[in-house]
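Chemist: Got a structure for you, questions after.
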Amino acid sequence: MADLTVELCGLRLKNPVIAASGTFGFGREFDELYDIGLLGGVSTKGLTLEARLGNPVPRIAEARGVILNAVGLQNPGVEHFIKYDLDWLKGKGTAVIANVAGRTKEEYADICARLDGLADMIELNISCPNVKCGGMAFGIRPESVEEVTRSAKSALKKTPLMVKLSPNVESIAANACAAERGGADALSLVNTFTGMAIDIERRKPIIANNTGGVSGAGIRPIAVRMVFEAANAVNIPVVGMGGITCAEDAVEFLMAGAVAIQVGTANFTDPLACPKIIEGLGCWCDAHGVKKVSELTGALRLNG
1 MADLTVELCG LRLKNPVIAA SGTFGFGREF DELYDIGLLG GVSTKGLTLE ARLGNPVPRI
61 AEARGVILNA VGLQNPGVEH FIKYDLDWLK GKGTAVIANV AGRTKEEYAD ICARLDGLAD
121 MIELNISCPN VKCGGMAFGI RPESVEEVTR SAKSALKKTP LMVKLSPNVE SIAANACAAE
181 RGGADALSLV NTFTGMAIDI ERRKPIIANN TGGVSGAGIR PIAVRMVFEA ANAVNIPVVG
241 MGGITCAEDA VEFLMAGAVA IQVGTANFTD PLACPKIIEG LGCWCDAHGV KKVSELTGAL
301 RLNG
């Protein structure tokens, strides 16, 4: 079979398939179905300084080809993760990517400092509202992207930093460059789009929070375009995600410029999605004479 190993910021991943944050918990439930050590990596549930209960229910809604969620970063807190989950997850033999979130840049720096040298990589969720700036998400404006990235990076001495970009922006390329200027070692994108689903009988939004993040197969073409734009704007590696459900979807993202991919919502519809995609990638490469999956990164040939 083809060589599926890839390198991401000095980390050697056994394959380019990473379980996306928010859809995989800390891996324990999925490990009951298959050995999650098969994965290239696991991006943890978003971690905050203190435990969070999340938003009121209902907080997930289905729509055609997508789901909406407004879970609200429910998690047990970073110290609980370090004490009860980190060693178990590291023992599985897959890269541990700690997804972190905060309400201020100081919180981001604090949580990064606590995880420095423990996780294999930090993934910065900058789609969170900045409480010091009226609630606008850190990831909206290039200036705030650069600022929060620099703050988080300053707290890290051993662990590489990957910044997860929001798609709800004017220019994904501009924000990608801002994260790079702030010291990001890698980028991941896209996070969810903002959307709404309405119960027309009740004349009310289905989700208690009114709006939620849209993910799933329906967003894939937009996500591929944004990954292409970001990858061509920066000199750091990009990890692509957004609607990946099969190996062929993963190949699209790799050709668009991603060095690895994350699988999120597909884990809900098929808990075995990740191992199926890994197997499918190997088969696709073999069928197309590709010796190393890394050869696909940026292999897109534009028309004209």
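First residue of the sequence shown? That's 1 in full-length UniProt numbering, and the numbers climb one at a time after it. All C-beta atoms, glycine included, are put in the ideal place defined by N, C-alpha and C.
In the DSSP assignment, find the alpha helix (DSSP H) that holds M255 and state where it starts and stops.
Modeler: First-last of the alpha helix (DSSP H) with M255: A247 to A256.
Chemist: From what residue to what residue does the beta strand (DSSP E) around S215 run?
Modeler: Segment G212 to S215, the beta strand (DSSP E) holding S215.
Chemist: For P119 and G10, I'd like the C-alpha separation in whole angstroms.
Modeler: Here residue 119 is Ala; the residue named in the question, Pro, does not match the sequence. Going from the Cα of A119 to the Cα of G10 covers about 14 Å.
Chemist: If you draw a straight line from the alpha carbon of K105 to that of E201, how long is it in whole angstroms?
Modeler: Taking the straight line from one Cα to the other gives about 42 Å.
Chemist: Pull up the CB-CB distance for I207 and L156, whole angstroms please, since I reckon it's below 8 Å.
Modeler: Rounded, the Cβ-Cβ distance is 35 Å, inconsistent with contact.
Chemist: Taking only runs of the alpha helix (DSSP H) that begin and end inside the stretch 141-219, which ones reach a length of at least 4 residues, in chain order?
Modeler: Those alpha helix (DSSP H) runs which fall completely within the stretch 141-219 and span 4+ residues are 142-154 and 172-181.
Chemist: When burial is assigned at 16 or more other CB atoms within 10 Å of the CB, is Y84 buried or exposed?
Modeler: Exposed: under 16 other Cβ atoms inside 10 Å.
Chemist: Give the straight-line distance between the Cα atoms of L33 and K14, rounded to the nearest whole angstrom.
Modeler: Spanning the two alpha carbons is a distance of roughly 20 Å.
Chemist: Could you give the residue range of the alpha helix (DSSP H) that holds E29?
Modeler: Residues R28 to D31.
Chemist: Distance, Cα to Cα, G240 vs P205?
Modeler: G240 and P205: Cα-Cα distance of roughly 30 Å.
Chemist: Compare the beta carbon distance of L73 and R52 with 8 Å and say whether it is the shorter of the two.
Modeler: Going by C-beta atoms, L73 is nearer than 8 Å to R52.
Chemist: Which class does M241 belong to by DSSP, given the choice of helix, strand or coil?
Modeler: Three-state DSSP puts M241 in a strand.
Chemist: The alpha helix (DSSP H) that contains A113, what's its start and end?
Modeler: Its alpha helix (DSSP H) spans residues K105 to L115.
Chemist: Rounded C-beta distance between K164 and I126? I'm assuming under 8 Å.
Modeler: Between I126 and K164 the Cβ distance is about 7 Å, and since that is below 8 Å, they are a contact.
Chemist: When the Cβ atoms of the stretch 23-40 are set against those of the stretch 174-194, are three or more pairs found closer than 8 Å?
Modeler: No, the stretch 23-40 does not touch the stretch 174-194.
Chemist: Comparing C-alpha positions only, which one of T44, A2 and T5 sits nearest to A19?
Modeler: Measuring from the Cα of A19, the nearest candidate turns out to be T44.
Chemist: Under 8 Å: do the stretch 249-258 and the stretch 84-98 share three or more Cβ pairs, one atom per stretch?
Modeler: Verdict: no, contact absent.
Chemist: By DSSP's criteria, E50 is part of a beta bridge. Which residues make up the other side?
Modeler: DSSP output for E50 lists no bridge partner at all.
Chemist: Do residue 379 and G54 have their C-beta atoms within less than 8 Å of each other?
Modeler: Nothing about residue 379 can be read from this structure; the chain reaches only from 1 to 304.
Chemist: Would the stretch 134-144 count as touching the stretch 75-89 if we require 3 or more Cβ pairs under 8 Å?
Modeler: Flag = no, the stretch 134-144 and the stretch 75-89 do not touch.
Chemist: Should the stretch 189-200 be regarded as contacting the stretch 226-243, the criterion being three or more beta carbon pairs within less than 8 Å?
Modeler: With a cut-off of 8 Å, the stretch 226-243 and the stretch 189-200 count as touching, because enough Cβ pairs lie within range.
Chemist: How would you call G135, buried or exposed, if buried means at least 16 neighbouring beta carbons within 10 angstroms?
Modeler: Burial call: exposed.
Chemist: Are F138 and N168 closer than 8 Å when you measure CB to CB?
Modeler: Result no, Cβ atoms of F138 and N168 do not sit closer than 8 Å.
Chemist: Quick one, which of P58, I236, V214 and D185 has its alpha-carbon nearest V66's?
Modeler: For the residues P58, I236, V214 and D185, the minimum Cα distance to V66 belongs to V214.
Chemist: Going by C-alpha distance, which of P237, G117 and A287 is nearest D87?
Modeler: Measuring from the Cα of D87, the nearest candidate turns out to be G117.
Chemist: Determine the direct distance from the alpha carbon of M1 to that of G304, and round the result to whole angstroms.
Modeler: Using only the alpha carbons, I get a separation of about 34 Å.
Chemist: Which residues in the same chain have their Cβ closer than 8 Å to the Cβ of L300, if we skip the five residues on either side of it in sequence?
Modeler: If we look at L300 and ignore the five residues flanking it on each side, its Cβ neighbours are F228, M255, A256 and G257.
Chemist: Which of helix, strand or coil does DSSP assign to V224?
Modeler: Here V224 sits in helix by DSSP.
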